[in-house]
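Read in the working numbering, the sequence shown has 1478 at position 232, and its numbers run on one by one without any break.
Cβ coordinates follow ideal geometry from the N, Cα and C atoms, glycine included.
Please read all numbers here as calculations on a predicted model, not as lab measurements.
Quick notes on the structure that follows.
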Amino acid sequence: MPPKAPIKLFSGTNTRYLAEKISLCNGRELGNINLTRFSDGEFTTAYEETIRGSHVFLIQSTFPPSDNLFELLMMIDAAKRASAYKLVAVMPYFGFARQDRKDKPRVAIGAKLVADLLTTAGVDRIITMDLHADQIQGFFDIPVDHLYASGIFVPHIRKLNLENLVIASPDVGGSKRANTYAKFLDAPMVICHKHRSKANVVDEMRIIGDVSGKNVIIVDDMVDTAGTLTKAADMMLEQGATSVRAFATHAVLSGPAYENIEKSSICEIFVTDSIPLRKRSDKIKVLSAAQLFADTIDKVYNYQSISTQFVI
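Here is the structure:
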């Protein structure tokens, strides 16, 4: 039997803050990679050590700007040309995931395009967390290990020890996720029904279900401008909720997000570190996903089942 390929971990530029924590949990050092940027904005990547015959894990979230995605593609291409044995893209946040279908005429399906780019570049496997839509896994013809932040969030929800708990979905599309949390925590569920005229703008919202006297926890895959989240929290408190908290995997937090959160009546928002925070807020608490990814990397490398990683 041939010797097992050595494992090597590398990080993209803007995800190094998380990659360092993952490598520490994994008990391995990050490899050396150099990014050279030219004056016109073009850049190139180069590995500063041999990776020939290695099982290479590339840790990079593809949050905006698109440089993060293109840097990952360049890292994959460079590793392939350097004769790496296997290439695994570890993408805590998978960008463009909201573009998973044609919801109106003449639009791109960005998630499928990103899947094609990664596959064409030469990646052998994807590890990601809380995709905006589960069906995105089907856009790939390679294995996708889809992790869930519930393994991080559920234990923390239990530590809060809230009475009269109710789980809420910020929209109809997230009702499956909220229902799973509700079943696992033995709590009722409510749904926020919203109408949008355009992206990031909520025209109308109503709460389906009873929140009076309840401690509400809203669960979602991401928080972007926080408009929906904060509007839902304010409405729930107007309808008699005792408190409102949110657990959202990816802290996109674009535009007026921080201002919306600070002005709202929401108590706390818990997020993972899949995307770095642009600034601090007393209402935003970060729970690290480093151990989850470190354990998954070990299991993938050792050809072990990752189903034990799932709380839900």
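Exercise. What does N1280 pair with, by DSSP beta-bridge criteria?
Worked result: As a position in the sequence shown, residue 1280 is number 34, starting the count at 1. Note: N1280 sits in a beta bridge opposite A1292.
Problem set entry | Cβ of L1363 within 8 Å of any chain C Cβ | Reference to chain C is not applicable here, since this structure consists of a single protein chain.
Exercise. Is the region 1463–1472 in contact with the region 1486–1499, if contact means three or more CB pairs nearer than 8 Å?
Worked result: yes
Exercise. When you compare each of L1270, G1273, R1262, S1285 to I1279 by their alpha carbons, which one comes out closest?
Worked result: For the purposes of this step, residue 1279 is taken as the residue at position 33 of the sequence shown. That would be R1262, whose Cα lies nearest to the Cα of I1279.
Problem set entry | Top-ranked residue by Cα proximity to P1416, from E1514, G1341, A1478 | In the sequence shown, the residue the question calls residue 1416 occupies position 170. Minimum Cα distance to P1416 is reached at A1478.
Exercise. Based on Cα-Cα distance, which residue from L1276, G1287, S1312, R1283 lies nearest to E1295?
Worked result: Numbered from its first residue, the sequence shown carries residue 1295 at position 49. When only C-alpha atoms are compared, the closest one is L1276.
For this session: Note down the Cα distance separating K1531 from I1507, rounded to an integer number of angstroms.
Result: Taking the first residue of the sequence shown as position 1, residue 1531 is located at position 285. Taking the first residue of the sequence shown as position 1, residue 1507 is located at position 261. Using only the alpha carbons, I get a separation of about 12 Å.
Exercise. If you run the structure through DSSP and keep just helix, strand and coil, what is H1378?
Worked result: Translated into positions along the sequence shown, residue 1378 becomes position 132. Of the three classes helix, strand and coil, the one that applies to H1378 here is coil, per DSSP.
Exercise. Do three or more CB pairs link the region 1266–1273 to the region 1309–1329 at distances below 8 Å?
Worked result: no
Problem set entry | Alpha carbon of V1334 to alpha carbon of T1282, nearest angstrom | Reading the sequence shown from its first residue, position 88 is the one you call residue 1334. Reading the sequence shown from its first residue, position 36 is the one you call residue 1282. For V1334 and T1282, the distance between alpha carbons rounds to 23 Å.
Exercise. What residue from F1399, Y1394, Y1549, F1386 has the CA that sits closest to Y1339's CA?
Worked result: Residue 1339 sits at position 93 when you count from the first residue of the sequence shown. The option with the nearest alpha carbon to Y1339 is Y1394.
Exercise. Between which two residues does the alpha helix (DSSP H) harbouring V1490 extend?
Worked result: As a first step, residue 1490 must be located in the sequence shown, where it is residue number 244. Run containing V1490: none in the alpha helix (DSSP H); it sits in the beta strand (DSSP E), 1489–1497.
Exercise. Using CA coordinates, which residue listed in V1302, E1409, L1483, T1542 is at the minimum distance from P1434?
Worked result: By one-based count along the sequence shown, residue 1434 stands at place 188. Measuring from the Cα of P1434, the nearest candidate turns out to be E1409.
Exercise. Does the region 1344–1355 come close enough to the region 1316–1326 to have 3 or more Cβ pairs within less than 8 Å?
Worked result: no
Exercise. Are K1332 and H1301 touching if we call contact CB-CB under 8 Å?
Worked result: Position 86 of the sequence shown holds residue 1332. Position 55 of the sequence shown holds residue 1301. Their beta carbons are under 8 Å apart, which means K1332 touches H1301 by this criterion.
Problem set entry | Simplified DSSP state of S1285, which is helix, strand or coil | Indexing the sequence shown from 1 puts residue 1285 at position 39. Here S1285 sits in coil by DSSP.
Exercise. Which value, in whole angstroms, describes the spacing of the CA atoms of I1454 and K1422?
Worked result: Locating residue 1454 in the sequence shown gives position 208, counting from the first residue. Locating residue 1422 in the sequence shown gives position 176, counting from the first residue. Taking the straight line from one Cα to the other gives about 15 Å.
Exercise. What residue from A1497, A1472, Q1383 has the CA that sits closest to V1360's CA?
Worked result: On the sequence shown, position 114 is the one that residue 1360 refers to. Per the Cα distances, Q1383.
Exercise. Can you tell me the Cα-Cα spacing of G1299 and A1414, whole angstroms?
Worked result: Counted from its first residue, the sequence shown places residue 1299 at position 53. Counted from its first residue, the sequence shown places residue 1414 at position 168. Rounded to the nearest angstrom, the two C-alpha atoms are 48 Å apart.
Exercise. When the distance is taken between beta carbons, is L1483 closer than 8 Å to S1511?
Worked result: If you number the sequence shown from 1, residue 1511 lands on position 265. If you number the sequence shown from 1, residue 1483 lands on position 237. For S1511 and L1483, yes; Cβs fall inside 8 Å.
For this session: In the DSSP assignment, find the unbroken alpha helix (DSSP H) run with V1400 in it and report its ends.
Result: Taking the first residue of the sequence shown as position 1, residue 1400 is located at position 154. 1396–1406 is the span of the alpha helix (DSSP H), which, as asked, contains V1400.
Exercise. E1275 by DSSP, collapsed to three states: which one?
Worked result: Residue 1275 sits at position 29 when you count from the first residue of the sequence shown. Correct three-state label for E1275: coil.
Exercise. How big is the Cα-Cα spacing for L1538 and S1553?
Worked result: The residue given as residue 1538 occupies position 292 in the sequence shown. The residue given as residue 1553 occupies position 307 in the sequence shown. Each residue's Cα considered, the two are about 12 Å apart.
For this session: Compare the beta carbon distance of C1226 and S1534 with 8 Å and say whether it is the shorter of the two.
Result: Outside the modelled stretch of the chain, which goes from 1247 to 1558, sits residue 1226, for which no answer is possible.
Exercise. With 16 other CB atoms within 10 Å as the buried threshold, where does T1290 fall?
Worked result: On the sequence shown, position 44 is the one that residue 1290 refers to. Exposed, since its Cβ has fewer than 16 Cβ neighbours within 10 Å.
Problem set entry | Exposed unless 16 or more other CB atoms sit within 10 angstroms - verdict on H1402 | Along the sequence shown, one-based indexing puts residue 1402 at 156. Burial call: exposed.
Problem set entry | Span separating the alpha-carbon of F1316 from that of V1436 | Counted from its first residue, the sequence shown places residue 1316 at position 70. Counted from its first residue, the sequence shown places residue 1436 at position 190. Spanning the two alpha carbons is a distance of roughly 40 Å.
Problem set entry | Identity of the residues DSSP links to K1531 by a beta bridge | Here residue 1531 refers to the residue found at position 285 when the sequence shown is read from its first residue. Answer by DSSP bridge pairing, in chain order: F1516.
Exercise. What does DSSP give as the partner residues of A1330 in its beta bridges?
Worked result: The sequence position of residue 1330 within the sequence shown is 84, counting from 1. Answer by DSSP bridge pairing: none, since A1330 is not bridged.
Problem set entry | Per-residue DSSP class, three states only, for T1554 | The residue given as residue 1554 occupies position 308 in the sequence shown. Helix.
Exercise. Alpha carbon to alpha carbon, what distance is there between G1419 and D1519?
Worked result: Along the sequence shown, read from residue 1 onward, the residue named residue 1519 stands at position 273. Along the sequence shown, read from residue 1 onward, the residue named residue 1419 stands at position 173. Near 24 Å, if we compare the C-alpha coordinates of G1419 and D1519.
Problem set entry | Whole-angstrom distance between Q1381 and T1349, CA atom to CA atom | By 1-based counting over the sequence shown, the position of residue 1349 is 103. By 1-based counting over the sequence shown, the position of residue 1381 is 135. According to the sequence displayed, residue 1349 carries Asp and not Thr. Taking the straight line joining both Cα atoms gives about 15 Å.
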